[in-house]
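**Q**
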Amino acid sequence: MKKKLGIISSIFLLVCTCFVMDTSNVSAAETVFADKVFQLDGQVFDYGQNIVSLRFQADGEVDLTTIDKDTFHVVASGRDPIDINTLGEGNTSFGAFEDKTRKITNVRLDDNDSSTIIIDMEYGQSVAESATLTYVHPAGRNLDLILDYQLTQNKDFNLKDGSVISKASTYKMGDVVDEEVDRFTAMRSTSGMNYQMYKPSISRSEKHPLVVWFHGNGEGGTGTYQNNTSQLLANRGGVAFASDEMQPLLDYPYVIAPQVDDTWYNNYSNGYIDKATEMVKEVVAENPNIDTTRIYIAGCSAGGYMTWHMMINNPKMFAAGVPICAAIDLAPQRGGEPTTAEQVLSLKDVPIWLVHSADDPTVSVVESSRWAYDLLKDYGAIYTEYTDVTVDGASYNGHWSWIYALRNMPENNGIKLMQWMGSQQKTENILKGSSERYVVEGFDWGPATTKIVLKLDHEIKAIHKDSLVLNETKQNVFGTVETTNKVIQNAYLSDANGKKSTVATSSYITIEPQIHPDTGTSPFTFLLSSFLNIYSQPYELAVTIKYGSEIEGVDKNYDVLEINPTANNIDKPLTDKFTKATYTGKDMSLSYASYAPAKDNKKNPLIIWLHGAGEGGNDPEIILLGNKVTALVDDEIQDIMDGAYVLTPQSPTMWMDDGSGNYTTDGTSMYTEVLMELIEDYVEKHPDIDPNRIYIGGCSNGGYMTMNMLFNYPTYFAAAFPICEAYTDAWINDNMITRIKDIPMWFTQSKDDTTVPADTHIVATYQRLQNVGAKDIHLSLFDTVVDTSGKYQSLTRKAYQYNGHWSWVYTLNNECIDNDETIFAWLARQRKAGGTSDDKKTSTTTKAPSTGSGNQTMMFTLLCLGSLLTFISIKRKANKE
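Numbering-wise, the working numbering comes out as the position in the sequence shown, counting from 1, plus 366.
1. Would the region 616-635 and the region 806-821 be scored as touching if the rule is three or more Cβ pairs under 8 Å?
2. Less than 7 Å between the CB of residue 1017 and some heavy atom of the ligand GDP, yes or no?
3. Go ahead and label residue 392 buried or exposed: buried means 16 or more other beta carbons lie within 10 angstroms of its beta carbon, across all protein chains shown.
4. Enumerate in chain order the residues of its own chain whose CB-to-CB distance from residue 659 is below 7 Å, with the five nearest sequence positions on each side excluded.
5. Beta-carbon separation of residue 1055 and residue 1011 under 8 Å?
6. Which class does residue 926 belong to by DSSP, given the choice of helix, strand or coil?
7. Do residue 651 and residue 473 come within 8 Å of each other at the CB atom, strictly closer than that value?
8. Please classify residue 1021 as buried or exposed, where buried requires at least 16 other C-beta atoms within 10 Å of its C-beta.
9. Exposed or buried, residue 1198, counting other C-beta atoms within 10 Å across all chains shown (16 or more means buried)?
10. Between the C-alpha atoms of residue 411 and residue 425, what's the straight-line distance to the nearest angstrom?
11. Considering Cα atoms alone, identify which of 679, 983, 403, 1069 is closest to residue 915.
12. Please return the same chain residues whose Cβ sits closer than 7 Å to the Cβ of residue 451, not counting the five positions on each side in sequence.
13. Are the region 541-552 and the region 395-410 in contact at 8 Å, needing three or more beta carbon pairs?
14. Report back the beta-carbon spacing between residue 933 and residue 888 to the nearest angstrom; my notes put them in contact at under 8 Å.
15. Along the chain, which unbroken stretches of the beta strand (DSSP E) at least 3 residues long are found entirely within the region 1116-1149?
16. The alpha helix (DSSP H) spanning residue 988 covers which residue range?
17. Is residue 943 close to chain D, meaning its C-beta is less than 8 Å from at least one C-beta of that chain?
18. Would you mind listing the beta strand (DSSP E) stretches within the region 991-1016 that are 3+ residues and don't spill past its ends, in chain order?
19. Can you round the beta-carbon distance between residue 603 and residue 666 to whole angstroms, since I take them to be within the 8 Å contact cut?
20. Can you find the residues in the same chain that come closer than 8 Å, C-beta to C-beta, to residue 1178, ignoring five residues on each side of it along the sequence?
21. Considering residue 737, what are the terminal residues of the alpha helix (DSSP H) in which it resides?
22. Can you give me the start and stop residues for the alpha helix (DSSP H) that residue 1077 sits inside?
23. To test your reading of the DSSP string, which unbroken beta strand (DSSP E) runs of 3 or more residues are found completely within the region 408-459?
24. Measure the C-alpha to C-alpha separation of residue 745 and residue 715 and round it to an integer number of angstroms.
25. Between the Cα of residue 479 and the Cα atoms of 429, 493, 454, which residue gives the shortest distance?
26. Between which two residues does the alpha helix (DSSP H) holding residue 673 run?
27. Please name the residue or residues paired with residue 760 in a DSSP beta bridge.
28. Quick check on residue 475: does DSSP put it in helix, strand or coil?
29. When burial is assigned at 16 or more other CB atoms within 10 Å of the CB, is residue 781 buried or exposed?
30. Ends of the alpha helix (DSSP H) at residue 766?
31. Tell me residue 866's beta-bridge partners as DSSP assigns them.
32. What would DSSP say about residue 822, mapped onto helix, strand or coil?
33. Beta-carbon within less than 6 Å of residue 644's beta-carbon, same chain only, minus the 5 sequence neighbours each way: which residues are those?
34. Looking at the structure shown, is residue 614 part of a helix, part of a strand, or coil, going by DSSP?
35. When the Cα atoms are used, what is the spatial distance from residue 772 to residue 500?
36. Counting C-beta neighbours from all protein chains within 10 Å, is the total for residue 1077 16 or more, i.e. buried, or is it exposed?
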């Protein structure tokens, strides 16, 4: 039987082997693409954007010899994005099309990727099915078409590895990609204006110009249809300035192209002048390397009219202006304000170059460009007029003279338009100075710069916060340097220390930034790499004049403020009351800060504050400002304590470091003994510290260390105030609870603490202390941690809510209350009864039980025992058999 089975198995294996053997006669594998995604390639021309090609990536290098123009077939549709009747009765969409075959002119491979097939198609102004916009008349709007491209494969083609791509493959349309258009980012200003923005990618100088382009009437929005794209797609008005050809001519400018909600003719009635002005100022404020002496403005048709009136309303804002076929004459007919000779003449000091075509059928060249030029020609204005619009053999509507300007064709005395524009620069009155001092104070969430005192080279008469811009430059949580705009709360003339001036002029001004947990200024950075707070390097607060504003000087006004943003001095009023030092023990050193009250010929208590994990290191100022520890030396708490010493030791890593550099898993700390050495050394060197009134407390990691010190030195401290303490209750045995039950303690935590859960820490330990008869223990258990000052709110106008872990806010604000007594009033009453300060010599270190590892050992023992019993049972059974 066994022999028969062996023969059958051999035959079966032989048959299987034959089936899997390769033969040279088998044909190459055939691949069928299923919904292979193809990309549409867009390009903006003088007449608008066209789809010029499509491309997709095959699954390997393509054998181009197996492909020709007949391999593929492309059908395109372009549908209206909205019901055009909503724009008014009798409208016609001149660009919409349905199921049009796109003529394929070439099939090629990408120069840099031989697996990407590019299908070139016929395009042009006369090829309607290549467009991405439709023009709706008489509404006069260019709308984005909803494109639907279908790609089919007429015959197979090969890859270079011999595999065949079947004609049964299916394809699916992807995105439109236009290299120039995609350089822009859609934005919306706080003033409510949509715009597209380009930021230069090449920096050839420290600061860059800004070009502001205003589109024609056809590119505006209408009603609820606001696409914020037509101003880039309908002609080269926006994209030209961001092109590879134009960027170097203008020294790599920023470009913004706003889109009006309806029409620029409503620039006054709908407030578009003000909105656009605020938009420019906002862009300048958010991009400090924009050169405010080189802001250029240009626009065509209705946008040319807007260009004139932006300059008229902001004559000092722009270094040069280029109004193209500006609809000065047409504006009043369409609801716009007339342009007066007085207004035009107000721009006699602004460099202006006008462009128009004599055959313009829409805007009268006589009543607009020639009229304005005649007023300004004696003041240096330049005007280029063409007979018609014919470029590269193609003739366009005579209104489209912007084609000449955007191709940089106008020329005057051998200088072309864009080179002329790039050479224009405003002269400015510059006020220079230095950052005399920053004032830094501690708040519930950490430090904030509350004052910036600037010393100016010249005295000024007045300063207003709305004329200034404040930018903060510092490290972010990843350690990289970034700049953010900050809100200015107040600004005033002052003395060198930031005190408001009582005289008419001063060479000092003080800026007060907005103070808020989310948006305030802070010299600290919390680094994710180390999980520590550090002083940011660099830390700079740059104050400049808001573009278009001025500072009133004694002899003249200033429109530029150049201040060295690095502070000469940093004042920390409460922090400066502390003394920083280092204690060197037997095995290691600890940095610390301490405060000594004024001598009063009596014994004073000592408050020991132990910091959280984020304040470790070797700079005790981090402790004092990381939380509002400075409150311990402020008047309220010092008055309650009748003058108290304050000691704030700092662990080089974190208090919960068990010696391995990691968090303890059993409650032990490598810093227990050296911390006690520091405390005893400090008490010994300050004989007026009352040894019966030494209080210890701290938050989170420092709350853990507070408990750890109580367990190890239970008779040394008069009282303790652990906050959101991280000493896991499971680490605490009953003997440890008994050792500390007679120590007065006040616990604080919030129920929504997700960092240190209250139930497994403070609440559990508090209940165990109650169970053994602890007489003077208190628990302040809050629902959440919120601002109680009324100064800080969330976006919903409710009291600002902090992270639930931050319950130390309540303690340091003395807002923990029990039986009408605050926590620090309670603390001030605590004294050891007949205690001794020689605890260290008489107590032995108590280590917490290794709860986790003990359970594992027990489980392992039980498993071993079970295995042994099983083995014996089996062995006995075997012996019986």
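In this text, a Cβ means the ideal position worked out from N, Cα and C, and glycines have one as well.
**A** So, to answer that:
1. no
2. Absence of the ligand GDP is noted for the structure shown, with no ligands found whatsoever.
3. For residue 392, the predicted model reports a pLDDT of 35, less than 50, meaning its position is unreliable; a value from the coordinates is still stated below. By the neighbour-count rule (16 or more Cβ atoms within 10 Å), residue 392 is not buried but exposed.
4. 685, 791, 792, 794
5. yes
6. strand
7. no
8. buried
9. buried
10. 33 Å
11. 679
12. 457
13. yes
14. That pair is no contact at about 14 Å.
15. 1143-1148
16. 987-992
17. Of the chains in the structure shown, none is chain D; there is only one protein chain.
18. 1011-1016
19. 6 Å
20. 810, 993, 994, 995, 997, 998
21. 737-742
22. 1067-1078
23. 414-423, 438-445
24. 7 Å
25. 429
26. 668-679
27. 757
28. strand
29. exposed
30. Element bounds for residue 766: n/a, residue is neither H nor E.
31. 860
32. strand
33. 557
34. helix
35. 22 Å
36. buried
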